[in-house]
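To start, the structure itself, in structure tokens.
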Amino acid sequence: MELIDHIISIFQQTYGHAPAHIARAPGRVNLLGEHVDYNDGFVLPAAIDRATYVAFSPADADQTRLVAADFDQEVFFSPRTIPLKTGADGSPLPEWAQYPAGVMWALNENHLEARGLNGVYASNVPRGSGLSSSASVEMAFVIAWQALGGWTLPPMQRALLGQKAENQYVGVNCGIMDQFASACGVENRLLLLDCRSLEWKTIPLPEDVSIVIADTKVRRKLTSGEYNKRRAACEEAVRLLKQDLPDIQSLRDVSVEQFNRFAAKLPELVSQRARHVVEEIERSKQAEALLEAGNIRRFGELMDQCHVSLRDLYEVSCPELDSMARIAQSLDGCHGARLTGAGFGGCTVNLVAREQAERFSQLLAEGYESEIGYQPEIYITRASNGAELLT
Ligand code: GLA
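Count along the sequence shown starting at 1, add 2, and that's the number in the numbering used here.
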């Protein structure tokens, strides 16, 4: 594969020998259950066929040297410089380096050996596009350090380490969905995760549908604070609703009926945010039965409703995502279309009748370009396996 050959050749030039190993960790797309993972809800993602690849070998000293092929940059760090968030020369770590450094930090915190490595990495998961490029970087490096450390963790534990890195080192208060999907993906299957118990199962994707990803090319920065603000609004809603519903721990515990009864007591914006979450959890609870019954039409309607809710209640959409979803929904063969991931730009996910997927992609691209003025990137994806050591 081209990307693997690319990092192997940079590795060879940089270090003068071939890498000992290659790790791979995919991005993900989420079909239903958006902005509910940090509310103990249910999510339905799949790992996709785009991934981050790391070529690496153990280093002689405890210093890690890492080349980011996509940025043409490199950093040096070690367990001593990690807590300071600097490279070995004392300069602040560039943003991209905080993800691998954060993984080393989380491993150190958990007393798992993360020895120095020489590495080169690159990704074909577009950054800031809602497809979890950062989780894929984290999961690839957990696999790399696991390979060198002589310890083995189950995939869910590796996902939790990645989340810890992102929450406590990078500073994004994300839930578990992205790292989970990147760690636990299964070929041709959707993953259904209960974000409270962390129990999960796989559900087959009906044979006659394709998952089409449509990238608006609008890029967002998750660290911009809007994400953390949404999470804080949910926590505020739980705090206030507890006055009437003292047993609730999270919005997962609030039914739509209960919410309707007490919503008027919440500040307007908090109520809006919480309504999205309560209703989206209700929608995602229906997913399994609908998919098992092959009721793709109804499942697609829930996806469409999710988009409206993310747009109007949670306010994480943007005009480009709205156009992309609207055009898609008007096309033949489209069962459902909505923004996927955190929002504020990035991609939509579309469930499309398999035999119409090519035509759909072409018409969607044309429609988007004539409305927005530039070409989007649209591709039919495949659900893939989770993070793994390739060699
Ligand atoms: C980001 C976060 C996830 C999840 C989604 C929204 O991708 O990393 O934990 O909250 O947004 O569903």
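Where a beta carbon is used, it is the ideal one built from N, C-alpha and C, also for glycine.
V211 and L315 have their C-alpha atoms some 29 Å from each other. T16: member of the alpha helix (DSSP H) spanning E4 to Y17, first to last residue. Taking C-beta atoms as the reference points, G104 and V172 count as a pair closer than 8 Å. Between the alpha carbons of D74 and S252 lies a distance of about 43 Å. The Cβ atoms of E281 and S311 lie closer than 8 Å to each other. For P208, same chain residues with a beta-carbon under 8 Å away, outside a window of 5 residues either side, are L293, G296 and I298 in chain order.
In this model, E270 and R191 are separated by some 39 Å (Cα to Cα). Straight through space, the alpha carbons of V31 and L353 are spaced by roughly 12 Å. Distance from the C-beta of Y40 to the nearest heavy atom of the ligand GLA is below 7 Å. Here Y101 is buried, its C-beta having at least 16 other C-beta atoms within 10 Å. For W202, the three-state secondary structure derived from DSSP is strand. In terms of Cα proximity to I50, the closest of G132, L114 and Y123 is G132.
The Cβ atoms of G348 and T218 lie closer than 8 Å to each other.
For R356, the CB contacts under 7 Å within the same chain, skipping 5 residues up- and downstream, are D210, V211 and S212 in chain order. In this structure, F44 lies away from C176, with their beta-carbon atoms at least 8 Å apart. Secondary structure of A20 (DSSP, three-state): coil. Contact annotation: F264 and D249 have beta-carbon atoms that are not nearer than 8 Å. Under the DSSP assignment, L268 falls outside any alpha helix (DSSP H); it carries neither an H nor an E label. Your pair A27 and I145 checks out as a contact, with CB atoms roughly 6 Å apart and the cut at 8 Å. A63 sits exposed, since fewer than 16 C-beta atoms from the chains shown fall within 10 Å of its C-beta. Put simply, the stretch 357-364 touches the stretch 379-393. At least three CB pairs are less than 8 Å apart. Taking C-alpha positions only, R241 is separated from R232 by approximately 14 Å. Within the same chain, and ignoring the five residues on either side of R285 in sequence, the residues whose Cβ sits closer than 6 Å to its Cβ are L304. Distance from the CA of E168 to the CA of S319, rounded to the nearest whole angstrom, comes to 23 Å.
Between the ligand GLA and the CB of E36, the shortest heavy atom gap is smaller than 7 Å. Under the DSSP definition of a beta bridge, R277 lacks any partner. For I9 against Y123, the beta-carbon gap comes to about 6 Å, under 8 Å, which counts as contact. One Cα belongs to A57, the other to C236, and the distance between them is close to 40 Å.
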